[in-house]
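Per the working numbering: the sequence shown = residues 8 to 138. We put the beta carbon where it would ideally sit given N, CA and C, even for glycine.
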Amino acid sequence: MGVVELINLYPLYSLAGISVIVTLISTILQKKLTDQEHLKHLKQRQKEIQKELKNCKDDCLMKELNSELLSLTGLMFKSSMKPIFVTIVPFILLFTWLRGIYTPIISGWIWWYLGFSMGSSIALRKIFNVA
Numbered sequence: 008m009g010v011v012e013l014i015n016l017y018p019l020y021s022l023a024g025i026s027v028i029v030t031l032i033s034t035i036l037q038k039k040l041t042d043q044e045h046l047k048h049l050k051q052r053q054k055e056i057q058k059e060l061k062n063c064k065d066d067c068l069m070k071e072l073n074s075e076l077l078s079l080t081g082l083m084f085k086s087s088m089k090p091i092f093v094t095i096v097p098f099i100l101l102f103t104w105l106r107g108i109y110t111p112i113i114s115g116w117i118w119w120y121l122g123f124s125m126g127s128s129i130a131l132r133k134i135f136n137v138a
């Protein structure tokens with residue numbers, strides 16, 4: 008029995024399985040291709056700045072803190088781009104294939120996929136301790 012036949016027999020289970028597998032691969036690549044310690048440090052500094060901003064009364068200091076926060080956000084974005092570049096083409100091909108298979112079977116399949124993906128992403132990021 009082939010993959011397409013299994014998908015047709017168990018569409019939601021197969022979609023959940025595919026979603027978890029793709030999310031697992033994405034999470035592992037994100038952990039391996041990014042400097043996790045650096046990202047954790049940046050996130051910690053962002054939290055500190057946000058706390059300082061809540062208590063800040065001085066406009067000049069507030070502008071400086073917002074500028075640093077924006078700079079940190081840019082650094083975090085830049086750090087997380089490498090895994091996206093590695094996975095973008097395979098994921099586009101996968102989603103094109105999935106669309107062709109699931110559209111006739113499940114209307115709104117993409118929403119099911121996104122739901123399964125978000126749930127598994129939260130769990131997998133905690134399991135693998137990804138920043």
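In the three-state reduction of the DSSP assignment, C63 falls in the coil class.
Across the set L79, C63, S26, the C-alpha of S26 shows the shortest separation from the C-alpha of W118. Residue burial is scored here from C-beta neighbours: F123 has at least 16 other C-beta atoms within 10 angstroms and is therefore classed as buried. The beta carbon of T30 lies closer than 7 Å to those of S124, S127, S128, L131 in the same chain, with the five residues before and after it left out. Annotation for N15: I112 place their beta carbon closer than 7 Å to its own, counting only its chain and skipping 5 residues before and after.
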